[in-house]
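K.L.:
For reference, the structure I am asking about is given below.
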Amino acid sequence: MLLVDDQPENLLALETALSALDQTLVRASSGEEALKALDEDQFALVLLATQMSGMDGHETATHIKRRLRTRDTPIIFISAYEMGTHASFRGYAAGAVDYVSRPYEPWVLRAKVTVFVDLHQTNVQLRKQAALLRTGGATDLLAQLSTLLSDAESQAHDLTGQLQAQASSATVRTTANRLERAVRSLRQVLQGALELQEELGAPPAPASLHSPRHRDQ
0 MLLVDDQPEN LLALETALSA LDQTLVRASS GEEALKALDE DQFALVLLAT
50 QMSGMDGHET ATHIKRRLRT RDTPIIFISA YEMGTHASFR GYAAGAVDYV
100 SRPYEPWVLR AKVTVFVDLH QTNVQLRKQA ALLRTGGATD LLAQLSTLLS
150 DAESQAHDLT GQLQAQASSA TVRTTANRLE RAVRSLRQVL QGALELQEEL
200 GAPPAPASLH SPRHRDQ
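Each residue of the sequence shown is one higher than the one before, starting from 0 at the first, in numbering that gives the first Met the number 0.
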């Protein structure tokens with residue numbers, strides 16, 4: 000994950016909150032430094048401060064989304080204040096998938112981050128699976144992916160339920176619904192891969208892969 004903020008104390012706070020997730024955390028102290036880091040490596044998620052000297056978070060996010068290499072990288076804005084309707088719209092228009100206001104509850108931040116990291120890992124597995132489809136023999140891998148995605152669906156469903164129950168913010172509820180839609184989209188990708196496998200003449204996948212336990216949630 001890439002952590003972007005021009006205040007060292009804010010970066011330290013993010014690292015402390017996210018250290019329990021056992022993920023590689025990379026610091027960037029400016030928008031320019033963040034763009035350089037994104038050129039050199041791939042990241043599951045960018046946590047980006049909205050207020051920074053020089054290139055601010057909105058401008059940085061716009062550059063990230065304009066680049067073919069990074070346009071699909073999710074961005075969570077970290078704001079120094081509760082974002083109103085106009086500020087939220089500007090953030091989402093710049094390409095953010097969510098935002099967190101300081102001071103934030105560490106468990107809320109970790110919960111949101113975990114979902115996007117899990118989705119990234121699932122996407123990586125799906126890309127590997129697609130490469131195997133071109134050479135055949137991917138049924139076992141599809142079975143593993145279906146199991147992993149079912150677990151992600153269950154976790155996302157539980158998490159969104161907790162967020163909706165414990166937060167009155169309409170933005171949080173909207174984010175929870177967006178997470179479930181993202182997981183459903185991944186399920187559709189997997190379904191498409193199964194259909195492609197059959198078109199390529201591979202042995203039919205087990206029926207259980209076409210009817211995952213959380214497909215209709």
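All C-beta atoms in this analysis are idealised placements derived from N, C-alpha and C, irrespective of residue type, glycine included.
Mapping the DSSP letters down to three states, classify S52 as helix, strand or coil.
P.N.:
In the sequence shown, counting from the first residue as 1, residue 52 sits at position 53. In the three-state reduction of the DSSP assignment, S52 falls in the coil class.
K.L.:
Would you kindly work out how many angstroms separate the C-alpha atoms of L47 and D40, rounded to a whole number?
P.N.:
The sequence position of residue 47 within the sequence shown is 48, counting from 1. The sequence position of residue 40 within the sequence shown is 41, counting from 1. Roughly 17 Å between the two C-alpha positions.
K.L.:
Going by alpha carbons, who is nearest to A110 out of S18, R186, L147?
P.N.:
Taking the first residue of the sequence shown as 1, we reach residue 110 at position 111. Nearest option by C-alpha distance: S18.
K.L.:
Starting from the C-beta of H213, find all residues in its chain whose C-beta is less than 7 Å away, skip the five residues before and the five after it, and write them out in chain order.
P.N.:
Residue numbering aside, residue 213 sits at position 214 when the sequence shown is read from its first letter. Residue confidence for H213 is low, a pLDDT of 43 falling below 50, so the modelled location carries little weight; the figure read from the coordinates is stated next. Once the five neighbours on either side are set aside, the close Cβ partners of H213 are S149, E152, S153, H156.
K.L.:
Can we say the segment 120-129 touches the segment 28-38, given the rule of at least three CB pairs closer than 8 Å?
P.N.:
Contact between the segment 120-129 and the segment 28-38 is absent: fewer than three C-beta pairs spanning the two stretches fall below 8 Å.
K.L.:
Quick check: the Cα distance between Y80 and S52, rounded to an integer number of angstroms?
P.N.:
What you label residue 80 is simply residue 81 of the sequence shown in a count that begins at 1. What you label residue 52 is simply residue 53 of the sequence shown in a count that begins at 1. Straight-line Cα distance between these residues: approximately 16 Å.
K.L.:
Assuming D38 is part of the alpha helix (DSSP H), what are its boundary residues?
P.N.:
As a working mapping, residue 38 is identified with position 39 in the sequence shown. 30-39 is the span of the alpha helix (DSSP H), which, as asked, contains D38.
K.L.:
Could you tell me which of V116, L2, N176 sits nearest to A43, measuring between CA atoms?
P.N.:
Your numbering for residue 43 matches position 44 in the sequence shown. Checked all of V116, L2, N176; the closest Cα to A43 is V116.
K.L.:
If I measure Cβ to Cβ from V188 and keep anything under 7 Å in the same chain, skipping five residues before and after, which residues do I get?
P.N.:
Counting from one through the sequence shown, the residue named residue 188 turns up at place 189. When the five nearest sequence neighbours on each side are left out, the beta carbons in the same chain lying within less than 7 Å of the beta carbon of V188 are those of L125, in order along the chain.
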